[in-house]
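Everything on this sheet refers to the single structure shown next.
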Amino acid sequence: MAAQTLERPLVDEGIVKAFFAAGMLFFLVSLTGGFLFSLQFLQHYPFPNTEWLSPGRVRMVHTNMVAYGFLTNVFLGAMSWAIPRLTGRPLFFGRLTWVIFWVWQAILVLTVVGILTGHAQAIEWGETPTGFRPHSFNLADMNWAPVDLLVVVAFLLVSLHMYTPILKAREKSMYVSLWYFSAAFIWTALTYVMGNFFPEYFVPGAAGAAMTGLYIHDLVGLFVTPVGWGLMYYFVPLIIEKPIWSHGLSLIGFWALAFFYPLNGVHHFLWSPIPMYAQYGAVISTIAVEVVVTTVVVNFFATLIGSGQYLRDNLPIRWFYTGMIFYFTTCLQCAVHTTLTVQKIIHFTDWVVGHSHLVMFGVFGFWCLGIIVHLWPKLTGNAWYSERLNHWHFWLSAIGLFVMFWDLTIAGLIQGFLWQSLAPWEQSLIASMPYWAVRAVAGTAIVIAQFLFAFNMWMTARGAQPAYRPVAQPA
Amino acid sequence: MERFSTVFLVAGVVFFGFSVWVMAWLPITSLQGIPHTSLDVISEKVSPEFAQLAEMFPDSFKKYYPAGVTPASFEKALRRGRDTYVAEACWHCHSQFIRPVSNEAIRFGPVSQAGEYQNDLEFPHLFGTRRVGPDLIRENGVHTNDWHVAHFWNPQDVVPTSVMPRYPWFFDNANDPENATLNERGIAIITYVQWLGSWVKSYPATLYNLDAANGGV
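Line by line, the protein sequences give chains E and Y. With this note's numbering, the residue at position 374 of the first sequence is 374, and numbering never jumps. Position in the second sequence (first residue = 1) + 1000 = this note's numbering.
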């Protein structure tokens, strides 16, 4: 790390704060959507006659805002903090960060409004409106802002911004986090272009399904996962003040992820009309990914040996490692349910919904929340308004998710076996109803937890006197 | 292994390219030989369900499909119906492919084949990944137009345990149920859903028969 006189601070803390605040705001939007949608399953949707709040549309806001509103915003904030520190150089140039910030928030608002007004795209997790009609680039046919194109522009700006310090540092061997980040930016841009434009305009039917399967999977595997692990490799050793246990395992973890993860794509459409060799390949490499996952998780838990007290005393570390336990669970689950045998029963059921909640919230959401818990006092210069609220936030989220995951998993098995038994379709609805009620309750706990946390962030940023401070004794 | 150039080029570009080749390009080339059907060809054969909708709602039909029961109107309804299916995210709760497992061929009808999806209404495909409601790729003729009209108005009127939302915005005069009639989107979505699977000649069983055979709801 060469000594260098800096004309501007290494990290623009204002932008990190802004990304975290925006991420939390869109997380609340997403969760409100998810909560409302869960009421539809109990036949008690509060706005049955309001077109723009139709449950189907609200559902897309829920999933999209988790990925693009919450995780992406927090990731951008955390990387704006970590990359300059890892390279010793500031990001490309100061104002660009704010341009990216506002472009991204505009994208999110256009996405939410576009979906609610009926301009969604039929790509799972890419419902972000294209603006153009399917199979036609005709300008006259445009019915909404071309948000997908804006997203690509934003990703290119982010790449330019964040690759600059990495390239300027010219280090012969980069730290693990930077391997993940360096690969993630190019992967994300390529993935987004492939998933959002090819099936929509060029590749119809089953082959298009292979591409969207690849897209759904790469969004998790090549964007969220590498950025998430890159951040873990940065924050965990810093907080527990010792290096990662094994450099060799880090190398295996990264390179095996890079090779096997993108080969999983088609496992989202097993037993479909997509050619079987692609399905077999996807199943085998999905099981291979489980080996990769084990090396990374072993590496992190071995790092923790001798520092177990951090799990008790340090809230961010507890968020991170709880997330890693869920990560291991979710990947193990994946290796099992990707097999063609298990697919027969669990595909199309709530099992998969439980799985995706475990991944997106239980793993990456938990890591993002842990990072905010860790950095927010540093960014605002104030101690947490309430440590106790932060603990409530953790336990409500963790228990809520744990209950929701098992509830949906069991519901999925029941649905799958009822369908196979050729019982009338309505039987599967009747049998699911109690589980959907439990899901709504568990979800409510998660929603309440995040509102408490947002309140805590707000009060901390305002510099409010910490609550529950011991009462000063009169002199 | 730890240099930027290696990570960027090998992991970022080469590995990604390899995955696209295996997981996307090979399937594309495998399916290349299947002829692609354009929407013009599809809509040449106007469906009887579309013609019946014209009889059921003559005023709406005159207003929104002034060309009458013609291929042009049918094409417009199919396109508009599919757009509505996408806008309302029907595909998030209804799949559109029958698997060769889990007794799906008995419940829904013939197993899906790749050729069925090589047409202009598959940009992008609507396979779906979740079934809250049943699969729809063999929906043609399973229910009548009347059933669909009542079902879109309020699914629970027809299937009390249904968790499908209401779609009053598929109707004109929705505030006045006595005089409510299907609007452009309503006619379109029913036309589209009734088109799904219309290219398959026969079914081993329909949902209706199966439920009746099981003494269902």
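The beta carbon of each residue, even a glycine, is placed where N, CA and C say it ideally should be.
Can the beta-carbon of residue i be found less than 7 Å from the beta-carbon of residue j?
i	j	result
Val58 (chain E)	Leu36 (chain E)	yes
Ser80 (chain E)	Val176 (chain E)	no
Ala183 (chain E)	Gly1012 (chain Y)	yes
Gly126 (chain E)	Ala145 (chain E)	no
Leu340 (chain E)	Asn390 (chain E)	no
Phe259 (chain E)	Phe1074 (chain Y)	no
Val289 (chain E)	Tyr261 (chain E)	yes
Gly412 (chain E)	Thr349 (chain E)	yes
Val153 (chain E)	Ile107 (chain E)	no
Ala464 (chain E)	Tyr385 (chain E)	yes
Ser1102 (chain Y)	Arg1131 (chain Y)	no
Ala22 (chain E)	Met60 (chain E)	no
Phe1152 (chain Y)	Phe1127 (chain Y)	no
Ala206 (chain E)	Ile274 (chain E)	yes
Ala1089 (chain Y)	Gly56 (chain E)	yes
Ala189 (chain E)	Phe269 (chain E)	no
Leu91 (chain E)	Pro9 (chain E)	no
When DSSP builds the beta bridges, which residues end up paired with residue i?
i	result
Leu1182 (chain Y)	Y:Phe1171
Thr1037 (chain Y)	Y:Asn1119
Arg1130 (chain Y)	E:Phe348
Once you ignore the five residues that flank residue i on each side, which residues in its own chain have a CB closer than 7 Å to its CB?
i	result
Phe185 (chain E)	Val158, Ser159, Met162, Tyr163
Val342 (chain E)	Val336
Ile448 (chain E)	Leu396
Gln1156 (chain Y)	Ser1162
Val151 (chain E)	Ile107, Thr128, Tyr192
Thr286 (chain E)	Asn264, His267, Cys334, Ala335, Thr338
Met211 (chain E)	Met194, Gly195, Phe198, Pro199, Val203
Ala1212 (chain Y)	The predicted model places Ala1212 (chain Y) with a pLDDT of 44, which falls under 50 and marks its position as unreliable; any figure quoted below should be read in that light. Here the set comprises nothing.
Ala440 (chain E)	Ser38, Leu39, Leu42
With a 10 Å radius around its C-beta and 16 neighbouring C-beta atoms as the bar for buried, classify residue i as buried or exposed.
i	result
Tyr215 (chain E)	buried
Ala67 (chain E)	buried
Val1041 (chain Y)	exposed
Asp1070 (chain Y)	Here residue 1070 (chain Y) is Thr; the residue named in the question, Asp, does not match the sequence. Burial call: exposed.
Gln415 (chain E)	buried
His1092 (chain Y)	buried
Val359 (chain E)	buried
Ile305 (chain E)	exposed
Arg1099 (chain Y)	buried
Ile372 (chain E)	buried
Glu1178 (chain Y)	exposed
Arg388 (chain E)	exposed
Phe366 (chain E)	buried
Lys1076 (chain Y)	buried
Leu86 (chain E)	buried
Trp425 (chain E)	buried
Ile345 (chain E)	buried
Arg476 (chain E)	Residue 476 (chain E) cannot be examined here, being either before or after the span of chain E that is shown, 1 to 475.
Might you give, ordered along the chain, the residues of its own chain that have their beta carbon closer than 6 Å to the beta carbon of residue i, omitting 5 neighbours on each side?
i	result
Asp1172 (chain Y)	Thr1181, Asn1183
Gly957 (chain Y)	Since the first and last residues shown for chain Y are 1001 and 1217, residue 957 (chain Y) lies out of range.
Phe19 (chain E)	Asn73, Leu76, Gly77
Gly354 (chain E)	Phe405, Leu408, Thr409
Ala2 (chain E)	With a pLDDT of 44 at Ala2 (chain E), under the threshold of 50, the modelled position of that residue is not reliable, and the figure given next carries that caveat. There are no such residues.
Thr477 (chain E)	Nothing about residue 477 (chain E) can be read from this structure; chain E reaches only from 1 to 475.
Arg1138 (chain Y)	Phe1108, Gly1109, Gly1197
I want to see whether chain A comes within less than 7 Å of residue i, judged by CB atoms only; does it?
i	result
Arg89 (chain E)	Looking at the structure shown, chain A is missing, and the protein chains on hand are E and Y.
Apart from the five residues just before and just after residue i, which ones in its own chain have a Cβ nearer than 8 Å to its Cβ?
i	result
Val297 (chain E)	Met324, Tyr327, Phe328
Pro100 (chain E)	The amino acid occupying residue 100 (chain E) in the given sequence is Ile; Pro does not appear at that position. Cβ neighbours of Ile100 (chain E) beyond the five flanking positions: Leu76, Ala154, Leu157, Val158, His161.
Gln420 (chain E)	Lys344, Ile345
Short of 7 Å Cβ to Cβ, which residues in the stretch 63–87 of chain E face chain Y?
Taking 7 Å as the upper bound on Cβ-Cβ separation, chain Y lies near no residue of the stretch 63–87 of chain E.
Positions along the stretch 1163–1177 of chain Y whose CB lies within less than 8 Å of some CB in chain E
Hits within the stretch, in order: Val1163, Pro1165, Arg1166, Tyr1167, Pro1168, Trp1169, Ala1174.
With 9 Å as the C-beta to C-beta threshold (strictly closer), list the residues of the stretch 1086–1105 of chain Y near chain E in chain order.
Result list: Val1086, Ala1087, Glu1088, Ala1089, Cys1090, Trp1091, His1092, Cys1093, Ser1095, Phe1097, Arg1099, Pro1100, Val1101, Ser1102, Asn1103, Glu1104.
Chain E contacts from the stretch 1003–1027 of chain Y (Cβ-Cβ distance under 7 Å):
Under the 7 Å Cβ criterion, the stretch 1003–1027 of chain Y contributes Arg1003, Phe1004, Val1007, Phe1008, Ala1011, Gly1012, Val1013, Phe1015, Phe1016, Ser1019, Val1020, Val1022, Met1023, Ala1024, Leu1026, Pro1027.
Taking a Cβ distance cut-off of 8 Å, strictly less, list which residues of the stretch 105–129 of chain E are near chain Y, in chain order.
For the stretch 105–129 of chain E, which is checked against every Cβ of chain Y, the residues closer than 8 Å are Gly118, His119, Ala120, Gln121, Ala122, Ile123, Glu124, Glu127.
Given a limit of 7 Å on CB to CB distance, which residues of the stretch 45–56 of chain E reach chain Y?
Taking 7 Å as the Cβ-Cβ cut-off against chain Y, the residues of the stretch 45–56 of chain E that qualify are Tyr45, Pro48, Asn49, Glu51, Ser54, Pro55, Gly56.
Give, in chain order, every residue of the stretch 1130–1146 of chain Y whose Cβ lies closer than 9 Å to some Cβ of chain E.
Those would be Arg1130, Arg1131, Val1132, Gly1133, Pro1134, Asp1135, in chain order.
Closer than 9 Å between beta carbons: that is the criterion. Which residues of the stretch 1105–1120 of chain Y meet it against chain E?
Interface annotation for the stretch 1105–1120 of chain Y against chain E: Ile1106, Arg1107, Val1111, Ser1112, Gln1113, Ala1114, Gly1115, Glu1116, Tyr1117, Gln1118, Asn1119, Asp1120, criterion Cβ-Cβ distance under 9 Å.
Listed in chain order, which residues of the stretch 273–285 of chain E have Cβ atoms closer than 8 Å to some Cβ of chain Y?
Going along the stretch 273–285 of chain E in chain order, one finds Pro273, Ile274, Pro275, Tyr277, Ala278, Gly281, Ala282 with a Cβ nearer than 8 Å to chain Y.
Closer than 7 Å between beta carbons: that is the criterion. Which residues of the stretch 178–209 of chain E meet it against chain Y?
Result list: Trp179, Ser182, Ala183, Ile186, Trp187, Leu190, Met194, Pro199, Glu200, Tyr201, Val203, Pro204, Gly205, Ala206, Ala207, Gly208, Ala209.
Under 7 Å (Cβ pairs) to chain Y, residues found in the stretch 157–175 of chain E:
Those residues of the stretch 157–175 of chain E that come within reach of chain Y (Cβ to Cβ, closer than 7 Å) are Ile166, Leu167, Lys172, Ser173, Met174.
Closer than 7 Å, Cβ to Cβ, to anything on chain Y: give me those residues from the stretch 233–253 of chain E, in chain order.
Within the stretch 233–253 of chain E, Leu251 place their CB atoms closer than 7 Å to a CB of chain Y, listed in sequence order.
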